[in-house]
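In the working numbering, the protein residues as written are 9 to 239.
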């Protein structure tokens, strides 16, 4: 017989409900403004209302949910202006993370990042904006993990999750402008060169402009502006 797969269980049922709801909100299963009922999730998880309420409060504290004066629990939305503010924070924290990254990266890890950047170039050449975005985020996630500061990594991850929520419910395409996509790819090539050469000063200057205004476009473009993508 094969080995039995071990399933990692959450520490508490409240954690399980929290994880389920957060993932569903980030993936767009619950749209902003949707009302969530304690009883619905108590039945779903076969528990009392107490752990559901605790999960609601935790998500409200993190601004994934909002609880109004009537004590209704609603999925919180994000405005375009708020997304701009989120990117400002990402820019600042990313700059700090990059200052810590160079000393923490081994040559093999730099090589793996180079391979990831090559794949980014493939998507850029194909005009595949969705896969380009996904690969872009994977590269940043790998770099943020390498900074060696868990709290910093978690803060950046949460910021990007909230931006992702907005992106899923609005016509928000970070690389709608071909010039923005071109700049992004050029930046990533230069980031790789700085990492390989240990050039922290050039890397810091680059990151200051990497998350620029051209990356945040008004929510007015439709997917039809992009070339057809390969499946």
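Backbone N, C-alpha and C fix where the C-beta goes; we use that ideal spot for every residue, glycine too.
Cβ neighbours of residue 22 within its own chain (closer than 6 Å, five residues either side excluded): 59, 62 and 63. Boundaries of the alpha helix (DSSP H) harbouring residue 109: 88-109, taken from the DSSP string.
With respect to residue 183, residue 137 sits close: the two C-beta atoms are nearer than 7 Å. Residue 36 is positioned such that its CB atom lies no closer than 7 Å to that of residue 82. Within the DSSP secondary-structure output, residue 51 pairs in no beta bridge. If you draw a 10 Å sphere on the C-beta of residue 79, you find fewer than 16 other C-beta atoms in it, and that means exposed. Residue 123: member of the alpha helix (DSSP H) spanning 115-134, first to last residue. Beta-bridge partners of residue 74 (DSSP): 82. CA-CA distance, residue 213 to residue 29, rounds to 38 Å. Within the same chain, and ignoring the five residues on either side of residue 46 in sequence, the residues whose Cβ sits closer than 8 Å to its Cβ are 57, 60, 61, 64 and 81.
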